[in-house]
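S.K.: I have a structure I would like to understand better, so I am pasting it below and will then ask my questions one at a time.
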Amino acid sequence: MKHSYLDRYSNLNSPIHRADPRLKILVALFFVLSILLTNSGNLLEFALYGLIIASLVIISRIPPLFILKRSLMIIPFIVLISLFLLFDRTGLSAEYSGKVLFRGIVIKSYLAIVMLTLLSSTSTFPSLLQGLQRLKISKVFILLLSFMYRYIFILVDEAMRITRGKRSREFGAGKWRQIKSTASLIGILFIRTYERGERVYSAMCSRGFDGTIRTLNTIRLRMAEILVGFALVTIIILVKIFTHSHAL
Amino acid sequence: MHYEPCIEVRNLSFSYPDGTEALRNISLEIGKGEKVAIVGPNGSGKSTLLLHFNGILRGKGEVRILGKVINKANLKEIRREVGLVFQEPDDQLFSPTVFEDVAFAPLNQDLSAEEVKIRVKQALQGVGLPCYENRSSHHLSYGEKKRVSIATVLSYDPEILALDEPTSNTDPKNRRRLINLLKGLAKTIVIATHDLDLVLDVCPRCMIINQGAIRANGKTEELLTNSHLLEANDLELPLSLSRLLKIKNR
């Protein structure tokens, strides 16, 4: 079975795609932070951030519709979580009503998600991992992520195969029996995954794995990229200063 | 070339934790440069035996690799000499990209970055997949995965290759490629399989194993033409031979 790429469009060729993953991670992180630290009522600031992100999307040559679709997926969750703010009467904050807070949270999370979608679509997953590693994130954590990337679709395939096998034989069974067999299906998936883990570990040991993870560094930071990253951070800071002095 | 023992197994027995006796008192010897097949039906103990060649499993008895008895202290050294390729390529290939998988063992040997890159390139060239470095493993076809799996051990140049069902689930074209690849490798090769036509093509010697014990050991041409022996061990004549017989008997 074929699956959509986890990091679709990550192999395009644009200045953003070519940039060092470390730089991208750091700038994206800084951007997300400054989005989160925005006053919920400051619509001008949000709009300017949106503008910056939109221009980044255009530079990256990724179809904007794709970014839009991917990022919209998060909205239901955010709305669900922050819905109660709309009905707030006691006043969570002295300055803003629940409505403003709700709007602020939705906008913030949306902008942050678009930023992260952009990050994950302009870098291949392995290069992001390498970036994280060079940023001194724990190797165990990176190994965990890399196994996830490698095996998530295999797991999905396996689950799909088991479900198919179940469906083709469960005709005639009552609803309760079907539910019960779903439970054992989950159990079987767990056992298979566990056994695969053992086999993979054997395969690693066979090739000399001794507990330390060694990787080759293939990324190099170019001066021009540093300057661009620096410029971007400066723009974000300027936006913050500008909108604060012109607070609505 | 004078004979030099490469793999020696004496009175090896192994039971899985659930009590299944997988190997019963196995003794065998494989010489340097030999290409030997271990043939048997499903569940006969072929894969279990392979896992003993590099100490992943350790049963009762003695396994010597290049004259050295496998023990805890020399596991690393032993595994350096035995390249084990698992049947399921999704177990063998566990890294995000092909490069990282093929480079895994050379990196574990602390080779220099330049050397690792050269090794990876050569290994991929060896299996006929040059320039596959940056592909991600889960987008490869099954046949490609099987070949990359072999590259992951070629990259550290072990003396012995132990392959578990190298041709299983592959289409005729990929199967032929794999067979030609195995034929061309100048290494000691042990293949666990029930693809008897592969054995006829690649291995001059074979062993028949059933229910954890070795039932026959000898020249492939003799063993695999003996239909009584094969049927007694839940196997049958290789397809190519049975066709030939049919034509003869017409």
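Chains as they are written, first to last, in the numbering used here: chain Z, 1 to 248; chain Y, 1001 to 1250. Just so it is clear, CB atoms sit at the ideal spot from N, CA and C, and this is done for glycine as well. Note that this is a predicted model, so its numbers are computed, not measured.
(1) Which one or two residues does DSSP pair with Y:Lys-1035 in a beta bridge?
(2) For Z:Met-1, count neighbouring C-beta atoms within 10 Å of its own C-beta (all shown protein chains included) and say buried if the count is 16 or more, exposed if not.
(3) Considering Y:Asn-1180, what are the terminal residues of the alpha helix (DSSP H) in which it resides?
(4) Is the beta carbon of Y:Ile-1209 closer than 8 Å to that of Y:Ser-1044?
(5) Mind pulling the chain Z residues with CB within less than 9 Å of Y:Ala-1105?
(6) Which residues mark the beginning and the end of the alpha helix (DSSP H) in which Y:Asp-1101 is found?
(7) I want to know whether the segment 1070-1088 of chain Y touches the segment 1131-1141 of chain Y - three or more CB-CB distances under 8 Å.
(8) Tell me, please, whether the CB atom of Y:Pro-1172 is closer than 8 Å to any CB atom in chain Z?
(9) With a threshold of 8 Å between beta-carbons, can Y:Ser-1095 be considered close to chain Z, or not?
(10) Quick one, are the C-beta atoms of Z:Val-233 and Z:Phe-102 less than 8 Å apart?
(11) Y:Asn-1233 to Y:Ser-1227, Cα distance in whole Å?
(12) Would you say Z:Met-1 lies against chain Y (beta-carbon separation less than 8 Å)?
(13) Helix, strand or coil, according to DSSP, for Z:Lys-175 in the structure here?
(14) What number of angstroms, rounded off, separates the C-alpha of Z:Leu-80 from the C-alpha of Z:Leu-86?
(15) Classify Y:Asp-1195 as buried or exposed, calling it buried when 16 or more other Cβ atoms lie within 10 Å of its own Cβ.
(16) Out of curiosity, what's the CA-to-CA distance linking Z:Ile-186 and Z:Val-156?
(17) Starting from Y:Arg-1064, follow its DSSP beta bridges and name the residues at the other end.
(18) Going by Cα to Cα distance, which pick from Z:Tyr-96, Z:Gly-174, Z:Leu-119 is closest to Z:Leu-12?
(19) Report the three-state DSSP secondary structure of Y:His-1030 (helix, strand or coil).
(20) Quick one: does Y:His-1138 have its CB under 8 Å from some CB of chain Z?
(21) I need the straight-line Cα distance from Z:Ser-14 to Z:Leu-221, nearest angstrom please.
(22) Using a beta-carbon distance below 8 Å, is Y:Val-1148 in contact with chain A?
(23) In whole angstroms, what separates the C-alpha of Y:Val-1039 from that of Y:Gly-1083?
(24) Count the other CB atoms, across all protein chains shown, that sit within 10 Å of the CB of Z:Tyr-194; report buried if there are 16 or more and exposed otherwise.
(25) Curious, which full-length alpha helix (DSSP H) runs of at least 4 residues does the segment 17-50 of chain Z contain?
(26) Flag this pair as touching only if the segment 1056-1074 of chain Y and the segment 1091-1110 of chain Y have three or more C-beta atom pairs under 8 Å; answer yes or no.
(27) Under 8 Å, with one C-beta from each stretch per pair, do the segment 1074-1083 of chain Y and the segment 1150-1167 of chain Y reach the 3-pair mark?
(28) Find the residues of chain Z that neighbour Y:Asn-1054, judging by a C-beta separation of less than 9 Å, and give them in chain order.
(29) Distance cutoff 8 Å, beta carbons only. Does Y:Asp-1090 sit that close to anything in chain Z?
(30) Would a check of beta-carbon distances place Z:Asp-9 closer than 8 Å to chain Y?
(31) Can you pull the chain Y residues whose beta carbon is under 8 Å from the beta carbon of Z:Thr-215, in chain order?
(32) Report the rounded CA-to-CA distance for Y:Asp-1171 versus Z:Phe-153, giving the unit in angstroms.
(33) Any idea what DSSP makes of Z:Phe-153, helix, strand or coil?
(34) How long is the line joining the alpha carbons of Y:Gly-1128 and Y:Leu-1182, rounded to whole angstroms?
(35) For a contact defined as C-beta to C-beta under 8 Å, what are the partners of Z:Phe-147 on chain Y?
(36) Just how far apart, CA to CA, sit Z:Pro-21 and Z:Phe-190?
M.R.: In terms of the structure at hand:
(1) Bridge partners of Y:Lys-1035: Y:Ile-1189.
(2) Caution is warranted here: a pLDDT of 48 is assigned to Z:Met-1, below 50, making its placement in the model unreliable, and no coordinate value can be reported.
(3) Run containing Y:Asn-1180: 1172-1184, per the alpha helix (DSSP H) assignment.
(4) Result yes, Cβ atoms of Y:Ser-1044 and Y:Ile-1209 sit closer than 8 Å.
(5) One finds Ser-206, Arg-207, Gly-208, Phe-209 in chain Z with Cβ atoms closer than 9 Å to the Cβ of Y:Ala-1105, taken in chain order.
(6) 1098-1108 is the span of the alpha helix (DSSP H), which, as asked, contains Y:Asp-1101.
(7) With the cut-off at 8 Å, the segment 1070-1088 of chain Y and the segment 1131-1141 of chain Y do not touch.
(8) Chain Z, which has no Cβ nearer than 8 Å to the Cβ of Y:Pro-1172, makes this no.
(9) Interface with chain Z (8 Å Cβ-Cβ cutoff): Y:Ser-1095 is included.
(10) Not in contact: Z:Val-233 and Z:Phe-102 (Cβ atoms no closer than 8 Å).
(11) Looking at the two C-alpha atoms, the distance is approximately 10 Å.
(12) Residue confidence for Z:Met-1 is low, a pLDDT of 48 falling below 50, so the modelled location carries little weight; the figure read from the coordinates is stated next. No, Z:Met-1 lies away from the interface with chain Y (no Cβ there is under 8 Å from its Cβ).
(13) Of the three classes helix, strand and coil, the one that applies to Z:Lys-175 here is helix, per DSSP.
(14) When rounded, the distance between both Cα atoms is 11 Å.
(15) In this structure Y:Asp-1195 is buried. Its beta-carbon is surrounded by 16 or more other beta-carbon atoms within 10 angstroms.
(16) Approximately 12 Å, taken between the alpha carbons.
(17) Looking at the DSSP assignment, Y:Arg-1064 forms a beta bridge with Y:Glu-1008, Y:Val-1069.
(18) It is Z:Leu-119 whose Cα lies nearest to the Cα of Z:Leu-12.
(19) According to the sequence displayed, residue 1030 of chain Y carries Ile and not His. Correct three-state label for Y:Ile-1030: strand.
(20) Flagged as an interface residue toward chain Z: Y:His-1138, by a C-beta distance shorter than 8 Å.
(21) In a straight line, the C-alpha of Z:Ser-14 is about 16 Å away from that of Z:Leu-221.
(22) The question asks about chain A, but that chain is absent: this structure's protein chains are Z and Y.
(23) Going by the C-alpha atoms only, they are around 19 Å apart.
(24) With fewer than 16 Cβ atoms within 10 Å of its Cβ, Z:Tyr-194 is classed as exposed.
(25) For the alpha helix (DSSP H) assignment, the uninterrupted runs of no fewer than 4 residues enclosed by the segment 17-50 of chain Z are, from N- to C-terminal side, 21-36.
(26) Touching, no.
(27) With three or more CB-CB distances shorter than 8 Å, the segment 1074-1083 of chain Y counts as touching the segment 1150-1167 of chain Y.
(28) The contacting residues are Cys-205, Ser-206.
(29) Taking CB atoms only, Y:Asp-1090 has a neighbour in chain Z less than 8 Å away.
(30) Here the sequence assigns Tyr to residue 9 of chain Z, which means Asp is not the residue at that position. Cβ-Cβ to chain Y under 8 Å: no for Z:Tyr-9.
(31) The CB of Z:Thr-215 comes closer than 8 Å to the CB of Glu-1100, Leu-1107 in chain Y, given here in chain order.
(32) Spanning the two alpha carbons is a distance of roughly 23 Å.
(33) In this structure, Z:Phe-153 counts as helix in the three-state DSSP scheme.
(34) Distance between the alpha carbons of Y:Gly-1128 and Y:Leu-1182 is about 12 Å.
(35) Think of a sphere of 8 Å around the beta carbon of Z:Phe-147: the chain Y residues whose beta carbon falls inside it are Phe-1094, in chain order.
(36) Roughly 34 Å separates the two Cα atoms.
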